[in-house]
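Trainee: Protein chains in written order, with this note's numbering: chain A, 2 to 246; chain B, 20 to 349.
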Amino acid sequence: MKYNKPIGDDYVVKKDGRVLKPTGPRAMQLKAAMKAQESETVAMLKEQIKELMEIVASSKTANVVPSGYTAEDVDREINKAVEIAIVETEKKYTEKITHLEAELARAREEHAKYVEQFNEKLFSELNDRIKGLENNVTSLKVKVESKDEIIETLKNSTGNGDSELGEVMERLADKVDAIANTAFEGEEFVDDPNRPKLETQFIDPLSAEEVPDFEPHVNVDEEKVEPQGEKINDKVSKLRDILGK
Amino acid sequence: MGNKGLDIGTNMLVAAEVDEKDNIVFKMQRDAFYRITPKSEVNKNSIRMGLEKRGANFIVEGHDFIVVGEDALDIAIERNDTAQRPLQKGILSPKDKSSLPMLKLIIESLVGQGSGEDKLVYSVPAKPIDTTFDIVYHTEMMGMYLRQMGYSAQPINEGFAIALSELLDDGLTGICLSYGAGMTNVVVIHQGDPLVEFSMTKSGDFIDESVGNALDIPPSFIQKEKEAGIDLNNPTNQIMEAISVYYSTVVNYTFDNIAYELKNRRKELPIFREQVPIVVSGGLTLARGFEDKVRQAVARLEFPFEVGEIRRAEAPMKAVANGCLLAAQL
């Protein structure tokens with residue numbers, strides 16, 4: 002009977018789920034045979050490695066790299082590349098420094114310009130203020146010097162009655178005159194409201210003898226007006242309310 | 020007899036009293052008289068018959084007839100003469116004492132005799148601003164005559180009397196003007212408190228005299244023409260045109276002075292929260308278009324308040340007497 006068994010560690014899963022592994026005598030024999038073949042291959046490989054090691058050892062003694070470049074070449078190339086990189090970096094940073102220095106110089110220049118302008122402006126303003134103050138002082142000095150003249154003008158205008166001040170003074174003078182005249186003429190001059198007052202007397206210019214003997218024929222018609230709307234008593238009440246009587 | 024009001028005007032005397040049915044009874048009499056001296060006894064009889072026939076009020080003084088009231092003016096014009104008036108520019112003059120008995124008689128014909136306790140409030144003008152005469156004499160003499168007639172007499176400012184009569188519904192706030200014959204009286208009143216009171220001597224007589232002088236016509240004729248009715252906006256002849264011009268002069272003069280007085284006293288004036296009405300009264304205001312003249316005068320000026328309604332008194336010839344009567348009832 003022939004079993005369909007796989008070689009090696011492979012296994013087969015049957016349709017009914019059973020797992021079949023090559024663990025029988027035939028499988029063991031097969032494995033041993035295969036192991037012998039593998040050892041031959043290893044020995045062959047070991048031989049080849051030995052040959053290669055000999056080649057490598059010989060190449061080291063000849064100082065030649067397999068690519069065709071010597072270590073000095075590589076060093077030289079590396080040094081060259083490093084030098085180029087250094088030069089380029091130096092150049093790059095030098096340019097940056099130069100640029101920054103130029104910007105700094107420009108900024109310093111502008112700053113100096115601004116400072117100069119500010120100083121000029123400040124100076125100009127201060128100068129103007131000083132000039133204004135000087136003018137004020139001059140004008141005040143002139144006014145102080147001409148005060149006598151102004152006082153004289155005012156006095157003249159008051160005297161002539163030309164100016165408003167003159168008119169006011171005249172009115173005041175009139176009032177003073179009026180009060181003085183009132184007092185002089187002996188009219189009542191009230192300075193204390195509680196002081197006893199002079200009784201005013203009015204005499205009828207018609208004396209009893211002068212009353213004529215009249216025979217009058219005078220009849221005056223009456224005109225009655227019926228109140229429209231409010232009656233007189235309502236009006237009187239309203240008036241009392243307004244006048245507080 | 021009860022309390023009475025009396026408007027003593029240059030041209031018209033008006034008395035007011037209340038009857039038992041609460042009706043106000045007015046009596047009016049022209050404040051004028053005209054003396055007629057007959058040339059003979061026959062002439063005297065014919066004059067008397069003529070006066071009685073026309074129903075004129077007259078007084079016999081010895082040989083003379085003195086016509087009083089409206090007929091005095093008419094008869095004077097018929098005779099190309101001028102009637103006399105007891106008051107000049109609104110007040111009594113001690114120099115013209117011959118007319119005082121006439122005035123007393125006319126007043127007595129209006130108010131009759133009082134009981135001694137009856138109250139009578141009579142109108143007097145305010146202190147004038149354009150002349151120097153003193154109203155104290157007039158006020159005291161009128162009071163004396165009225166007391167002699169049996170009244171407890173009290174004076175009241177003419178403008179204030181109009182305020183009592185016409186500004187009741189305005190809370191006694193407004194401007195009242197009385198345009199009479201001799202004077203214009205003004206009061207500016209705020210809640211019953213008179214702020215400005217003054218009078219001016221330019222009014223009806225000024226218009227009559229000015230137009231008479233301009234057109235060489237007697238002033239009494241101008242007065243009659245004026246009182247016959249005039250439309251100030253549409254004068255129909257030269258006389259009416261001249262009257263209209265002088266009306267404007269008087270009205271402008273009045274309101275210029277009101278504005279001036281208010282400006283001078285602006286610091287003392289209260290704040291007028293509402294519009295201030297203007298009430299015009301007196302014989303001059305009977306002319307049609309009078310309120311328009313006032314509106315024109317007011318529009319030119321500035322006042323320390325907003326001017327409200329401009330109106331004529333309900334009864335321009337009776338407003339002062341009515342106000343005096345109300346004051347007598349207080």
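The beta carbon of each residue, even a glycine, is placed where N, CA and C say it ideally should be.
Taking the runs of the alpha helix (DSSP H) that are 4 residues or longer, which of them lie wholly in the region 159-235 of chain B?
Mentor: Entirely contained in the region 159-235 of chain B, the alpha helix (DSSP H) runs reaching 4 residues are, in chain order, 177-185 and 223-234.
Trainee: Counting only Cβ-Cβ distances shorter than 8 Å, please list the residues of the region 166-177 of chain A near chain B, keeping chain order.
Mentor: Result list empty, no residue passes.
Trainee: Under the rule that 16 or more other beta-carbon atoms within 10 Å means buried, what is residue 146 of chain A, buried or exposed?
Mentor: Under this definition residue 146 of chain A is an exposed residue.
Trainee: Determine, using beta carbons only, whether residue 294 of chain B and residue 342 of chain B come nearer to each other than 8 Å.
Mentor: Contact flag unset, no.
Trainee: By how many angstroms is the C-alpha of residue 133 of chain A removed from the C-alpha of residue 96 of chain A?
Mentor: Rounded to the nearest angstrom, the two C-alpha atoms are 55 Å apart.
Trainee: Can you tell me whether DSSP reads residue 145 of chain B as helix, strand or coil?
Mentor: Coil.
Trainee: In chain A, which residues lie less than 8 Å from residue 38 of chain B when you measure between Cβ atoms?
Mentor: Going along chain A in sequence order, the residues near residue 38 of chain B (Cβ under 8 Å) are 225.
Trainee: Tell me, to the nearest whole angstrom, how far the beta carbon of residue 339 of chain B is from that of residue 171 of chain B; I am working on the premise that it is less than 8 Å.
Mentor: With a Cβ gap of about 19 Å, residue 339 of chain B and residue 171 of chain B do not count as contacting.
Trainee: Assign residue 103 of chain B to one of three DSSP states: helix, strand, or coil.
Mentor: In the structure shown, residue 103 of chain B sits in a strand (DSSP, three-state: E or B).
Trainee: Could you have a look at residue 367 of chain B and say whether DSSP puts it in helix, strand or coil?
Mentor: With chain B represented from 20 up to 349, any question about residue 367 of chain B goes unanswered, as that position is not in the structure.
Trainee: Three or more C-beta pairs under 8 Å: does that hold for the region 319-338 of chain B against the region 271-281 of chain B?
Mentor: Verdict: yes, contact present.
Trainee: Please confirm whether residue 128 of chain B and residue 48 of chain B have their CB atoms less than 8 Å apart.
Mentor: Going by C-beta atoms, residue 128 of chain B is nearer than 8 Å to residue 48 of chain B.
Trainee: In this structure, what does DSSP give as the bridge partners for residue 294 of chain B?
Mentor: None; residue 294 of chain B has no bridge partner.
Trainee: By Cβ distance below 7 Å, which residues in the same chain neighbour residue 95 of chain B in space, the five residues on each side in sequence not counted?
Mentor: Excluding sequence neighbours, residue 95 of chain B sits near 53, 101, 102 and 239.
Trainee: Could you list which residues in chain A have their beta carbon closer than 8 Å to that of residue 46 of chain B, in chain order?
Mentor: Residues of chain A passing the Cβ test: 221, 222, 223 and 224.
Trainee: Taking the alpha carbon of residue 29 of chain B as the point to measure from, which residue in B:105, B:75 and B:74 has its own alpha carbon closest?
Mentor: Among B:105, B:75 and B:74, the Cα nearest to that of residue 29 of chain B is on B:105.
Trainee: Below 8 Å on C-beta distance, what does residue 239 of chain A contact in chain B?
Mentor: Those are 187, listed as they occur along chain B.
Trainee: Quick check: the region 156-172 of chain B against the region 114-131 of chain B, are there 3 or more CB pairs under 8 Å?
Mentor: Cβ pair count under 8 Å is three or more, so yes.
Trainee: Along the beta strand (DSSP E) that carries residue 53 of chain B, what are the first and last residues, could you check?
Mentor: Segment 52-55, the beta strand (DSSP E) holding residue 53 of chain B.
Trainee: Chain B partners of residue 232 of chain A, CB-CB under 9 Å?
Mentor: Neighbours of residue 232 of chain A on chain B, chain order: 41.
Trainee: Is it true that the CB of residue 301 of chain B sits closer than 8 Å to the CB of residue 197 of chain B?
Mentor: Contact: yes.
Trainee: Would you kindly check if the distance between the Cβ of residue 221 of chain B and the Cβ of residue 267 of chain B is under 8 Å?
Mentor: No; because the gap between Cβ atoms is not below 8 Å, this pair is not in contact.
Trainee: Report yes if the CB atom of residue 191 of chain B is closer than 8 Å to the CB atom of residue 243 of chain A, and no otherwise.
Mentor: Closer than 8 Å, so yes.
Trainee: Excluding the 5 residues flanking residue 284 of chain B on each side, which residues of the same chain have their C-beta closer than 6 Å to its C-beta?
Mentor: If we look at residue 284 of chain B and ignore the five residues flanking it on each side, it has no Cβ neighbours.
Trainee: Roughly how many angstroms lie between the CA atoms of residue 24 of chain B and residue 97 of chain B, to the nearest whole one?
Mentor: So the alpha carbons of these two residues sit roughly 34 Å apart.
Trainee: Residues in its own chain within less than 7 Å of residue 261 of chain B by CB, not counting five upstream and five downstream?
Mentor: Counting only Cβ-Cβ distances below 7 Å, and skipping sequence neighbours, we find 230, 233 and 234.
Trainee: Can you tell me whether residue 344 of chain B is helix, strand or coil according to DSSP?
Mentor: Helix, per DSSP.
Trainee: Could you give the distance in angstroms between the alpha-carbon of residue 271 of chain B and the alpha-carbon of residue 264 of chain B?
Mentor: Each residue's alpha carbon lies about 11 Å from the other.
Trainee: Among B:318, B:136 and B:152, which has the Cα closest to the Cα of residue 114 of chain B?
Mentor: Per the Cα distances, B:152.
Trainee: When Cβ atoms are compared, which residues of the region 293-314 of chain B fall closer than 8 Å to chain A?
Mentor: Those would be none; no residue qualifies.
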